[in-house]
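Engineer:
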Amino acid sequence: LGMMARTHSGLPASPVLPITAGFNADFSHLAFDFELAEQKPGATAWHVPHFVQAVRAVCPTLNWRAALLALDAPSFRVRDVEGVQLLLSAYSLVASDAFPVEAFLGRWQNTAAQLALLKICISGPPHIQELFQTSARRTPRDPSLRDSVLWGSVDLIEALVALSDAESMADVLPLLEAPKAAFPELLALGLVHCKESWGPLHRTVLGSLLARFISSRNPQDTALLERLWGVNSSLVVQGMVDMYRAPGGGGAIPRLFDIALELGVLLQVLGSKQDRALVL
Numbered sequence: 569l570g571m572m573a574r575t576h577s578g579l580p581a582s583p584v585l586p587i588t589a590g591f592n593a594d595f596s597h598l599a600f601d602f603e604l605a606e607q608k609p610g611a612t613a614w615h616v617p618h619f620v621q622a623v624r625a626v627c628p629t630l631n632w633r634a635a636l637l638a639l640d641a642p643s644f645r646v647r648d649v650e651g652v653q654l655l656l657s658a659y660s661l662v663a664s665d666a667f668p669v670e671a672f673l674g675r676w677q678n679t680a681a682q683l684a685l686l687k688i689c690i691s692g693p694p695h696i697q698e699l700f701q702t703s704a705r706r707t708p709r710d711p712s713l714r715d716s717v718l719w720g721s722v723d724l725i726e727a728l729v730a731l732s733d734a735e736s737m738a739d740v741l742p743l744l745e746a747p748k749a750a751f752p753e754l755l756a757l758g759l760v761h762c763k764e765s766w767g768p769l770h771r772t773v774l775g776s777l778l779a780r781f782i783s784s785r786n787p788q789d790t791a792l793l794e795r796l797w798g799v800n801s802s803l804v805v806q807g808m809v810d811m812y813r814a815p816g817g818g819g820a821i822p823r824l825f826d827i828a829l830e831l832g833v834l835l836q837v838l839g840s841k842q843d844r845a846l847v848l
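For the sequence shown, my numbering begins at 569 and goes up steadily by one.
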């Protein structure tokens, strides 16, 4: 499947061999009409239904979900939407449940291929973006926040954070610019739910979002900060410290203390062993 997704079209023409007689389900006896085959144009793309039919005949008990989870291989590389669609089409022929998007997420060894795959999905048509609607971990729906099938997925955000450490922050950061502008609250909630460490991309994006919410006088932003604190207070404290340490950040001290008082967490902030910058 991985090879087919990589080479889904533009193949050298190969003969089409129509089966005319003697077909057994176990492929033990096949009869071809070679004269008729010569009159047909050569195939230049994979025929997914035939592939699936052949695999099911040879291995009827194959776990297709497990097979998709094994896409992480050195030779795997999807170059475009059509390659992703080939994978979706193959699975739809053998299963009635939703495509297992977890196959695209998690920790891969072939990180370059995973990043290329996720880039295609993120910029792809709606039906491909909607794959992430079924990811295992999603930010709980909040009617006060704009929802997004992509950026409501904690698993997707966490995969991108991990890839930024494994590949390059410069390759991943542009993918987060659009949600940072359109879904800042959702992105911030996804980032604080991540299990990954406070790496460069995580720190840069979440830090800028926290600075934005802290500087705002909007009650909705204060409510969001309270929610972020409830998920991961240490990340909120670190964001406050980074805001103070930024060039010209000394002027932020009054606002930082105001926020700590509004959230009712001043003692926790001052007593944090994570950093003494705010205490000083």
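Quick reminder that beta carbons are idealized off the backbone N, C-alpha and C, glycines included.
Identify every run of the alpha helix (DSSP H) within the region 766-806, keeping only runs that are complete inside it and at least 4 residues long; order them along the chain.
Structural biologist: 768-783 and 787-799
Engineer: Report yes if the CB atom of L728 is closer than 8 Å to the CB atom of V740, and no otherwise.
Structural biologist: yes
Engineer: Would you decide whether I725 is buried or exposed? Buried here means 16 or more other CB atoms lie within 10 Å of its CB.
Structural biologist: Label assigned to I725: buried.
Engineer: Taking the alpha carbon of D665 as the point to measure from, which residue in A573, L757 and L656 has its own alpha carbon closest?
Structural biologist: Ranking A573, L757 and L656 by Cα distance to D665 puts L656 first.
Engineer: Are the beta-carbon atoms belonging to F667 and L699 less than 8 Å from one another?
Structural biologist: Going by C-beta atoms, F667 is nearer than 8 Å to L699.
Engineer: Could you tell me the alpha carbon to alpha carbon distance between L835 and S784, rounded to whole angstroms?
Structural biologist: Each residue's Cα considered, the two are about 22 Å apart.
Engineer: Comparing alpha-carbon positions, which option in W719, P711, I782 and S732 lies nearest G817?
Structural biologist: I782
Engineer: Examine chain B for any beta-carbon lying closer than 8 Å to the beta-carbon of S802, and answer yes or no.
Structural biologist: No chain B is part of this structure, which consists of one protein chain only.
Engineer: Restricting to Cα atoms, I'd like to know which of Q697, L683 and Q682 is closest to C689.
Structural biologist: Relative to the Cα of C689, the nearest Cα in the group Q697, L683 and Q682 belongs to Q697.
Engineer: Assess, as a yes-or-no matter, whether the region 806-814 is touched by the region 768-780 under the definition of 3 or more beta carbon pairs within less than 8 Å.
Structural biologist: yes
Engineer: Starting from A734 and walking both ways along the alpha helix (DSSP H), at which residues does that stretch end?
Structural biologist: V722 to A734
Engineer: Out of R647, F825, S712 and R706, which one is the CA nearest neighbour of V669?
Structural biologist: V669 has its Cα closest to that of R706, out of R647, F825, S712 and R706.
Engineer: Report all residues from its chain with a CB closer than 8 Å to the CB of V620; omit the five preceding and five following residues, and keep chain order.
Structural biologist: So the list reads A658, L661 and V662, once near-sequence residues are dropped.
Engineer: Which same chain residues, not among the five before or five after L829, have their C-beta less than 7 Å away from its C-beta?
Structural biologist: none
Engineer: In chain order, what residues of the same chain lie with their CB nearer than 7 Å to the CB of W632, ignoring the 5 residues before and after it?
Structural biologist: Around W632: Y659, V662 and A663.
Engineer: A890 to V649, Cα distance in whole Å?
Structural biologist: Shown here, the chain extends from 569 to 848; a query on residue 890 therefore has no answer.
Engineer: Mind reading off the beta-carbon distance from L683 to F672? Whole number of angstroms is fine, and I expect it under 8 Å.
Structural biologist: L683 to F672, Cβ: 11 Å. No contact.
Engineer: Rounded to a whole number of angstroms, what is the C-alpha to C-alpha distance between P815 and T772?
Structural biologist: 15 Å
Engineer: Between V833 and F644, what straight-line distance do the alpha-carbon atoms span, to the nearest angstrom?
Structural biologist: 49 Å
Engineer: Find the nearest neighbour of T886 within the set L793, A634 and E735, judged by alpha-carbon distance.
Structural biologist: The chain is shown from 569 up to 848; residue 886 falls before or after that span and cannot be answered.
Engineer: Could you pull the DSSP bridge partners for R706 from this structure?
Structural biologist: S721
Engineer: With a threshold of 7 Å on Cβ separation, who are the neighbours of A566 within its own chain once the five nearest residues in sequence on each side are excluded?
Structural biologist: Outside the shown range of the chain (569 to 848) lies residue 566, about which nothing can therefore be said.
Engineer: Using DSSP with H/G/I as helix, E/B as strand and the rest coil, what is Q677?
Structural biologist: coil
Engineer: State the CB to CB distance for the pair V722 and H761, rounded to an integer number of angstroms; the pair is presumed to be in contact (CB under 8 Å).
Structural biologist: Between V722 and H761, the beta carbon gap of about 5 Å places them in contact (Cβ cut-off 8 Å).
Engineer: Where does L654 fall in DSSP's three states?
Structural biologist: helix
Engineer: Kindly give me the distance between the Cβ atoms of L654 and V616, rounded to whole angstroms, as I take these residues to be in contact under 8 Å.
Structural biologist: 6 Å
Engineer: Where E794 and K748 are concerned, what is the direct C-alpha to C-alpha distance, given to the nearest angstrom?
Structural biologist: Taking the straight line joining both Cα atoms gives about 19 Å.
Engineer: Inspect the beta-carbon positions of L759 and H770 and report whether they are closer than 8 Å.
Structural biologist: yes
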